[in-house]
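With our numbering as the guide, the letters of the sequence shown map in order to residues 40 to 293. Remarks on the structure that follows.
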Amino acid sequence: MQKFFILLFSIFIACVSYAQSYSITGWVTDYNGSPVDSCSIIIYNPDFSEALETLSDANGYYRLDSVPKGRYAAIAAMRVNEYPRMRQVPLEDMKLEFWAWNVILDNDLTLNIRYDKMELYGTKAFFEYGGRQELLIYTRPMSVTKVIRDPNFMDKTAQEKSTNVTVAPQHIDFKVYVDGNPIDVLSVQHLSLPNTNGNSINDDCYLIQTYLPNDIYSHFERPYEIRVIGHNKEFDEWGECVYYLEVSQYDRIH
Numbered sequence: 040m041q042k043f044f045i046l047l048f049s050i051f052i053a054c055v056s057y058a059q060s061y062s063i064t065g066w067v068t069d070y071n072g073s074p075v076d077s078c079s080i081i082i083y084n085p086d087f088s089e090a091l092e093t094l095s096d097a098n099g100y101y102r103l104d105s106v107p108k109g110r111y112a113a114i115a116a117m118r119v120n121e122y123p124r125m126r127q128v129p130l131e132d133m134k135l136e137f138w139a140w141n142v143i144l145d146n147d148l149t150l151n152i153r154y155d156k157m158e159l160y161g162t163k164a165f166f167e168y169g170g171r172q173e174l175l176i177y178t179r180p181m182s183v184t185k186v187i188r189d190p191n192f193m194d195k196t197a198q199e200k201s202t203n204v205t206v207a208p209q210h211i212d213f214k215v216y217v218d219g220n221p222i223d224v225l226s227v228q229h230l231s232l233p234n235t236n237g238n239s240i241n242d243d244c245y246l247i248q249t250y251l252p253n254d255i256y257s258h259f260e261r262p263y264e265i266r267v268i269g270h271n272k273e274f275d276e277w278g279e280c281v282y283y284l285e286v287s288q289y290d291r292i293h
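Set out below in structure tokens:
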């Protein structure tokens with residue numbers, strides 16, 4: 040009898056575990072819409088340790104199955120051989136990374152990915168009420184051209200201490216999409232912030248202001264997908280990122 044109950048308990052635990060895991064799927068393409076194969080897609084735990092990894096196939100499709108329910112720091116995507124410090128492709132073919140931040144997994148998730156020569160890093164979005172009703176998005180764009188033109192680019196530590204690889208305000212344009220729908224950009228504020236790696240040259244970061252989404256007071260069942268697309272006009276570089284922004288109890292009453 041005891042063995043029977045142990046078996047039932049094991050089956051129960053297995054069923055609960057299965058019910059509390061989900062899939063993350065999507066397509067990886069370039070900015071011409073062509074599929075990107077052999078792209079690494081990595082999901083990171085809250086402490087930034089690697090949780091799971093997969094590769095896109097010949098059609099650019101990827102799938103991560105049995106991902107435990109929970110909150111994850113980020114999902115990153117890139118072709119490893121195209122990363123500058125790998126030195127495995129010509130300079131003109133080198134690219135940086137795509138990032139999705141604050142991944143809240145409580146349902147199956149579809150995340151379509153495009154990445155190119157500009158990386159939007161450290162992105163965070165939040166609602167602001169006060170006297171204004173707005174969505175604010177912080178991001179730091181980095182240029183692969185500036186990375187590879189620096190003589191220290193093979194030494195990440197040295198480069199971080201001596202070079203600014205971010206994109207200056209006269210060269211950057213942004214577009215913002217909320218759940219796939221474009222939203223007007225009201226302003227872009229340039230922030231010149233000290234680099235925490237000991238670099239004496241400040242990084243170029245930005246605070247993007249948009250209107251609040253129209254459905255914020257009824258959007259409770261899932262987080263918003265805030266997608267930011269950047270264009271570096273100096274070198275004609277593109278890049279984008281995603282931030283998952285949930286509607287809190289506080290947001291619902293304002």
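Beta carbons are placed, not taken as given, at the ideal position from N, Cα and C, and that holds for glycine.
Spatial neighbours of aspartate 212 in its chain, beta-carbon cut-off 8 Å, leaving aside the 5 residues before and after: As a first step, residue 212 must be located in the sequence shown, where it is residue number 173. Closer than 8 Å at Cβ, skipping near neighbours: Gly269, His270, Lys272.
Check each candidate in Val75, Tyr245, Met133, Leu251 and name the one with the smallest Cα separation from leucine 232. Taking the first residue of the sequence shown as position 1, residue 232 is located at position 193. The option with the nearest alpha carbon to leucine 232 is Tyr245.
Could you tell me how far apart the beta carbons of isoleucine 80 and threonine 93 are, in whole angstroms, since I believe they sit closer than 8 Å? As a working note, residue 80 is residue 41 in the sequence shown. As a working note, residue 93 is residue 54 in the sequence shown. Right, their Cβ atoms sit about 5 Å apart.
Continuous beta strand (DSSP E) assignments of at least 3 residues falling wholly in the segment 82-157: 89-94, 100-107, 109-117, 137-144
Alpha carbons only, please: which of Arg153, Gly109, Asp189, Tyr61 is nearest the one belonging to asparagine 71? In the sequence shown, counting from the first residue as 1, residue 71 sits at position 32. If we check each option's Cα against that of asparagine 71, Arg153 comes out closest.
Proximal residues to asparagine 220 (C-beta, below 6 Å), its chain only, five neighbours per side dropped: By one-based count along the sequence shown, residue 220 stands at place 181. If we look at asparagine 220 and ignore the five residues flanking it on each side, it has no Cβ neighbours.
Minimum length 3: unbroken beta strand (DSSP E) runs contained in the segment 232-288: 242-250, 263-271, 276-284
In its own chain, which residues sit with a C-beta less than 8 Å from the C-beta of lysine 108, not counting the 5 before and 5 after it? For the purposes of this step, residue 108 is taken as the residue at position 69 of the sequence shown. Once the five neighbours on either side are set aside, the close Cβ partners of lysine 108 are Gln59, Ser60, Tyr61, Leu144, Asp145.
Alpha helix (DSSP H) segment containing valine 186, residue limits: On the sequence shown, residue 186 is found 147 positions in, with the first residue counted as 1. Segment 183-188, the alpha helix (DSSP H) holding valine 186.
For tyrosine 70, which beta-bridge partners are listed by DSSP? Residue numbering aside, residue 70 sits at position 31 when the sequence shown is read from its first letter. Tyrosine 70 is not bridged to any residue.
Can the beta-carbon of isoleucine 255 be found closer than 8 Å to that of valine 224? The residue you call residue 255 lines up with position 216 of the sequence shown. The residue you call residue 224 lines up with position 185 of the sequence shown. In this structure, valine 224 does not lie closer than 8 Å to isoleucine 255 by Cβ.
At the level of alpha carbons, what is the spacing between serine 182 and arginine 261? Within the sequence shown, the letter at position 143 stands for residue 182. Within the sequence shown, the letter at position 222 stands for residue 261. Spanning the two alpha carbons is a distance of roughly 33 Å.
Is it right to say valine 281 is buried, meaning 16 or more other beta carbons lie within 10 angstroms of its own, or is it exposed? One-based indexing of the sequence shown puts residue 281 at position 242. Buried, by the Cβ-count rule.
Valine 142 burial status per 10 Å Cβ neighbour count (16 or more: buried): By one-based count along the sequence shown, residue 142 stands at place 103. It counts as buried.
Express the C-alpha separation of glycine 161 and glutamate 264 in angstroms, rounding to a whole number. To locate residue 264, count along the sequence shown from 1; it is residue 225. To locate residue 161, count along the sequence shown from 1; it is residue 122. Computed Cα separation, rounded: 16 Å.
Give the single residue among Trp138, Glu173, Asp104, Asp189 whose Cα lies nearest to the Cα of leucine 130. Counting from 1 along the sequence shown, the entry for residue 130 is found at position 91. Of Trp138, Glu173, Asp104, Asp189, the residue nearest in Cα terms is Asp189.
Skipping 5 residues on each side, what residues in its chain have a beta carbon closer than 7 Å to that of threonine 249? For the purposes of this step, residue 249 is taken as residue 210 along the sequence shown, with counting starting at 1. Glu173, Leu174, Val215, Ile222, Asp223, Val224, Leu225, listed in sequence order.
Beta carbon of valine 204 nearer than 8 Å to that of proline 252: Counting from one through the sequence shown, the residue named residue 204 turns up at place 165. Counting from one through the sequence shown, the residue named residue 252 turns up at place 213. Going by C-beta atoms, valine 204 is not nearer than 8 Å to proline 252.
Could you give the first and the last residue of the continuous beta strand (DSSP E) run that contains proline 221? Residue 221 sits at position 182 when you count from the first residue of the sequence shown. Here the beta strand (DSSP E) through proline 221 covers 220-222.
Please state if the CB of alanine 207 and the CB of aspartate 243 are separated by a distance shorter than 8 Å. Counted from its first residue, the sequence shown places residue 243 at position 204. Counted from its first residue, the sequence shown places residue 207 at position 168. In this structure, alanine 207 lies closer than 8 Å to aspartate 243 by Cβ.
Rounded to whole angstroms, how far is the Cβ of methionine 133 from the Cβ of isoleucine 187, which I believe are closer than 8 Å? For the purposes of this step, residue 133 is taken as residue 94 along the sequence shown, with counting starting at 1. For the purposes of this step, residue 187 is taken as residue 148 along the sequence shown, with counting starting at 1. About 6 Å; that satisfies the 8 Å criterion.
Look up glutamine 59 in the DSSP assignment and say whether it is helix, strand or coil. Against the sequence shown, residue 59 aligns to sequence position 20. Coil, per DSSP.
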